[in-house]
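Read the structure below first, then the notes.
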Amino acid sequence: MEEIKWDCAACGFEIADRDGWVHVRMSEVMVQEGAVRAWHEKYPGPSHSLSEISEFPDPVPWNALHEVCDPTGGEPYAIGVEDLRTAWDLIEWTVQLLEKTWLDATNWREVLRRKHHEAQSSSE
Ligand SMILES: [Zn+2]
Numbered sequence: 011m012e013e014i015k016w017d018c019a020a021c022g023f024e025i026a027d028r029d030g031w032v033h034v035r036m037s038e039v040m041v042q043e044g045a046v047r048a049w050h051e052k053y054p055g056p057s058h059s060l061s062e063i064s065e066f067p068d069p070v071p072w073n074a075l076h077e078v079c080d081p082t083g084g085e086p087y088a089i090g091v092e093d094l095r096t097a098w099d100l101i102e103w104t105v106q107l108l109e110k111t112w113l114d115a116t117n118w119r120e121v122l123r124r125k126h127h128e129a130q131s132s133s134e
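Heads up: the sequence shown is residues 11 to 134, going by my numbering.
Have a look at this one:
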């Protein structure tokens, strides 16, 4: 199985083991959750128009960063790239993250989709 690679969102270079992490900023998560609550108050009820849906707050991105490229010094929540090298690692972390009430506020789903796509294109 191919090792999963992580490129730094700041400098673009690949991140070696113990040189960086994949993280999401909890401060942004809290802002996003507040914006989602406000959206539900503005547009109550189960069905919504496309324009209402288009106003739904974007999820907070997970970013891969070198330790030296991260101005926050790894503000939580951060997972070392050495712990995210295989599909099994991703599954293990996803199971842990699913216990977090804030996971839906982030784009973890998109991270998984992207890594799955990269693995498929590299095996062709
Ligand atoms: Zn970097």
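Quick reminder that beta carbons are idealized off the backbone N, C-alpha and C, glycines included.
Answer yes or no: do I14 and L108 have a C-beta to C-beta separation smaller than 9 Å? no
State yes or no: is the C-beta of L100 nearer than 8 Å to some heavy atom of ligand 1? no
Segments of 3+ residues assigned as beta strand (DSSP E) that fall wholly inside the region 45–130: Counting whole runs of 3 or more residues, the region 45–130 contains the beta strand (DSSP E) stretches 73–76 and 88–90.
Which word fits W98, buried or exposed, when buried means at least 16 other C-beta atoms lie within 10 angstroms of its C-beta? exposed
Residues with C-beta closer than 5 Å to any heavy atom of ligand 1, in chain order: C18, A20, C21, H76 and C79
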